[in-house]
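Shown next, in C-alpha cells, is the structure this report addresses.
2 protein chains.
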Amino acid sequence: MRFGKQGFERTSVREIAADAGVSAALVIHHYGSKDGLRAACDASLVEQLMADRAKADEPGMAQTMREWLDHPEHFGASIDYFAMMLSDGTEGGNRLFDRLLHETAALLDAGVADGSMRESSDPEMRALLITLYGLAPILLRDQLGRAMGTPLASAAAIRRMTRPTLELYTHGLYTDTRILDAAAAALDGAVATGTTPRSDKGPGNPNQDPDPPAQANDTSP
Amino acid sequence: MRFGKQGFERTSVREIAADAGVSAALVIHHYGSKDGLRAACDASLVEQLMADRAKADEPGMAQTMREWLDHPEHFGASIDYFAMMLSDGTEGGNRLFDRLLHETAALLDAGVADGSMRESSDPEMRALLITLYGLAPILLRDQLGRAMGTPLASAAAIRRMTRPTLELYTHGLYTDTRILDAAAAALDGAVATGTTPRSDKGPGNPNQDPDPPAQANDTSP
DNA sequence: ATTCAGACTGAACACGCGTTTAGTATGGTG
DNA sequence: CACCATACTAAACGCGTGTTCAGTCTGAAT
Numbered sequence: 002m003r004f005g006k007q008g009f010e011r012t013s014v015r016e017i018a019a020d021a022g023v024s025a026a027l028v029i030h031h032y033g034s035k036d037g038l039r040a041a042c043d044a045s046l047v048e049q050l051m052a053d054r055a056k057a058d059e060p061g062m063a064q065t066m067r068e069w070l071d072h073p074e075h076f077g078a079s080i081d082y083f084a085m086m087l088s089d090g091t092e093g094g095n096r097l098f099d100r101l102l103h104e105t106a107a108l109l110d111a112g113v114a115d116g117s118m119r120e121s122s123d124p125e126m127r128a129l130l131i132t133l134y135g136l137a138p139i140l141l142r143d144q145l146g147r148a149m150g151t152p153l154a155s156a157a158a159i160r161r162m163t164r165p166t167l168e169l170y171t172h173g174l175y176t177d178t179r180i181l182d183a184a185a186a187a188l189d190g191a192v193a194t195g196t197t198p199r200s201d202k203g204p205g206n207p208n209q210d211p212d213p214p215a216q217a218n219d220t221s222p
Numbered sequence: 002m003r004f005g006k007q008g009f010e011r012t013s014v015r016e017i018a019a020d021a022g023v024s025a026a027l028v029i030h031h032y033g034s035k036d037g038l039r040a041a042c043d044a045s046l047v048e049q050l051m052a053d054r055a056k057a058d059e060p061g062m063a064q065t066m067r068e069w070l071d072h073p074e075h076f077g078a079s080i081d082y083f084a085m086m087l088s089d090g091t092e093g094g095n096r097l098f099d100r101l102l103h104e105t106a107a108l109l110d111a112g113v114a115d116g117s118m119r120e121s122s123d124p125e126m127r128a129l130l131i132t133l134y135g136l137a138p139i140l141l142r143d144q145l146g147r148a149m150g151t152p153l154a155s156a157a158a159i160r161r162m163t164r165p166t167l168e169l170y171t172h173g174l175y176t177d178t179r180i181l182d183a184a185a186a187a188l189d190g191a192v193a194t195g196t197t198p199r200s201d202k203g204p205g206n207p208n209q210d211p212d213p214p215a216q217a218n219d220t221s222p
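As given, the protein sequences belong to chains A and B, one line each in that order. For what it's worth, the numbering used here labels the leading residue of the first sequence as 2, then goes sequentially. For what it's worth, the numbering used here labels the leading residue of the second sequence as 2, then goes sequentially.
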C-alpha cells in the first residue's frame, strides 16, 4: 500500500488504480471517494492486526508488535502505514493509539501484580510514557536506520537494540536518586506553596523532552 | 508558520501569501519556489535554535529544548515545525536529528565520566534510544495531549510527566534482571552458534519498539 | 431470449496548485 | 530630468487532482 510509503496526499487515486491494474474510476466506484478508500484501508489493517492478535497466546496488540519484531521483513509495509496513522491525527490513528496505551497499561499492571515490575507513583502516566517510547523507533525509523547504518528492517538492527533497551528498563540510567529526589521535592514544594513549578533539571538529564524540575545545587542562569 | 500546523503539502503558497498580506507571486519572486521558501524556513528555525543555544550557559541543543519546556507556550509553533522536519526525511531534519543525537551522546558520556550515570554495554545505541525517547512526546504530542487531557505545551502536562520519567530513568521498570539475563544469553548464544538471531526478549517486555521497512507490495482493493 | 445488476472504462469536468508573464508603481542614482 | 533596479500585482498557463458521466461488457436470473 502506497499510503504508508508516501503518505495519503502524495498518493493519487490513479497511481493506486494503476498498481491494481484497474482504472481510477473503478476505485472511486467501489469506495465512494478517496477518503472512503482510506477508511477501508485503515479498517483492513486494524483487522489484520486483530487477526494476528487472535493467534497469539497472550492477549494484546503489544504482544503482536513484539512478534513483528522477530520477523521484521513480514510487516514493513504495515508498519509504515501504522506510523502514518499514529502521527496524522486521524480518528483511526487515535483509536489505535488508545488501544496500544490500554494494552500497555494492562501489561504493566500485570507486571506489578506479579512482582516483576516496579510500582509507579503514577501508573497511568508511566504507561503513557512507555507507550510513547515503544512507538518512537517506529515513528523515527528512518532516522534510526540512518544512525545505525542498517535499515530498521534488519535482524541486525533489532539485535543491537535489544540489550540496551532492556538495560535501560532494568537498571535505569542514573546511578543514584539525586535527580529524582530533587525533582520530587520541587514538585511537592511547588504544590505546597502554590509556587509556579519552574522546572530546572540541571545538566544531568539526557531527556530532551519532559522536564525534571529544580535541582538542589544549580548553576543555571 | 502554517507549515508546522498543516504540513508542507497541505499549505498552499497563496495561503501563506494571504497570511503575509501579499500576493503569491511575490513569495515565489523572493524565494524562487515553494521549496526555496521551505529551505529558508528550515534555515531560519535552526538559526533561531542556535541563537537560543548561544544564550544558554551550558552547551547544547538538548539544553535549549529543556528551556522550551519551561516556557511551552513560547515555542508551540516551532515544536510543530521541528516535529515535521524530523519525520519527513528532509535533509534539514536529518541534520537536526544528528545534532540532537550527538549532544545526547555527549551528555551521557559526561554523566558516565562523573559517575552520575551508569555504564552501558553499547553507549552509542543507548544514546540513540534515549534520543528517540526524548523526541517521542514531541512527535506524538497530539496523542499525548489527548491521553492526558491537557495539551503538551502546558505546565500541567510537563509537571505530570516529570516524576514518572525520572522514576523510569532512575530505577528502571523491572524489579530483577531475569529478562535482561535471558535476552543477553539468547543474543550471546546466537552469536556463538551462528544461529539465526531470533530476538527473544520475553513476554514481559512492554517495549513495542523497532520496526522494519519493507518492499512495496500492494494489496489491491 | 430478454432483462438487469454490477464490474469496469475512457473521456471529460471543475478545481486548486505552483509557477510564469507582463506590467505598474516607487524610489534612489547618474 | 532620465534611468534602472526593486517590490509588487493581476491574470493567466499548464498540470495533476478527485470525481462524474455515459457507456460497454459479462454473467446470472427470469
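Where a beta carbon is used, it is the ideal one built from N, C-alpha and C, also for glycine.
- Contact annotation: the stretch 14–23 of chain B does not touch the stretch 86–106 of chain B, with fewer than three C-beta pairs closer than 8 Å.
- Residue range 156–172 is occupied by the alpha helix (DSSP H) that includes residue 162/A.
- By the C-beta density criterion, residue 11/B is exposed, having fewer than 16 other C-beta atoms within 10 angstroms.
- The C-alpha of residue 43/A is placed about 13 Å away from the C-alpha of residue 32/A.
- Where residue 20/A is concerned, the enclosing alpha helix (DSSP H) starts and stops at 14–21.
- Just measuring C-alpha positions, the residue of 181/A, 2/A, 177/A, 115/A sitting nearest residue 82/A is 2/A.
- Remark: C-beta atoms of residue 138/B and residue 121/A do not approach each other more closely than 8 Å.
- Put simply, the CB of residue 25/A is far from chain B, with every gap to its CB atoms at 8 Å or more.
- For the C-beta of residue 34/A, not a single chain B residue is nearer than 8 Å; the gap to the nearest is close to 13 Å.
- Taking a contact to require three or more Cβ pairs closer than 8 Å, the stretch 154–164 of chain B and the stretch 140–159 of chain A do not qualify as touching.
- Counting along the chain, the unbroken alpha helix (DSSP H) around residue 98/A starts and ends at 92–114.
- Nearest in C-alpha terms to residue 106/B, of all of 133/B, 41/B, 5/B, is 133/B.
- At a cut-off of 8 Å between C-beta atoms, residue 100/A does not count as an interface residue with respect to chain B.
- Put simply, of 183/A, 167/A, 38/A the residue whose alpha carbon is nearest the alpha carbon of residue 185/B is 167/A.
- Look at the stretch 111–125 of chain A: the residues with a C-beta under 7 Å from a C-beta of chain B are 112, 116, 117, 118, 119, 121, 122, 123.
- Residue 171/B and residue 175/A do touch by the CB rule: their CB atoms are close to 5 Å apart, below 8 Å.
- Going by C-alpha positions, residue 163/B is about 10 Å away from residue 130/A.
- For residue 2/B, the secondary structure class from DSSP, reduced to helix, strand or coil, is coil.
- Contact between residue 87/B and residue 136/B holds: their C-beta atoms lie close to 7 Å from each other, under 8 Å.
- In the same chain as residue 127/B, and ignoring 5 residues on each side of it, the C-beta atoms closer than 7 Å to its own belong to 109, 121, in chain order.
- Under DSSP, residue 118/B forms a beta bridge with 175/A.
- Interface annotation, residue 93/A: not in contact with chain B, CB-CB separation never under 8 Å.
- Closer than 8 Å to the CB of residue 178/A there is at least one CB belonging to chain B.
- The distance from the Cβ of residue 8/A to that of residue 85/A is about 6 Å, consistent with a contact at the 8 Å cut-off.
- For residue 165/B, the chain A residues whose C-beta falls within less than 7 Å of its own C-beta are 121, 122, 123, 126, 127, 130, listed in chain order.
- In this structure, the beta-carbon distance from residue 173/B to residue 173/A falls below 8 Å.
- 5/A is the residue among 5/A, 179/A, 124/A, 104/A whose C-alpha sits nearest the C-alpha of residue 46/A.
- Chain order gives no chain B residues near residue 39/A, where near means a beta carbon separation below 7 Å; the closest approach is about 12 Å.
- Of the residues 154/A, 183/A, 179/A, the one whose Cα lies closest to the Cα of residue 80/A is 154/A.
- Annotated three-state conformation of residue 141/A is coil, per DSSP.
- Taking the Cα positions, residue 113/A is about 6 Å away from residue 119/A.
- For residue 28/A and residue 40/A, the gap between their C-alpha atoms comes out near 13 Å.
- Residue 78/A and residue 180/B have their C-alpha atoms roughly 30 Å apart.
- Counting the other CB atoms within 10 Å of its CB gives residue 115/A a total below 16, which places it among the exposed residues.
- In the structure shown, the three-state DSSP call for residue 9/B is coil.
- According to the DSSP assignment, residue 27/A belongs to the alpha helix (DSSP H) that extends over 25–32.
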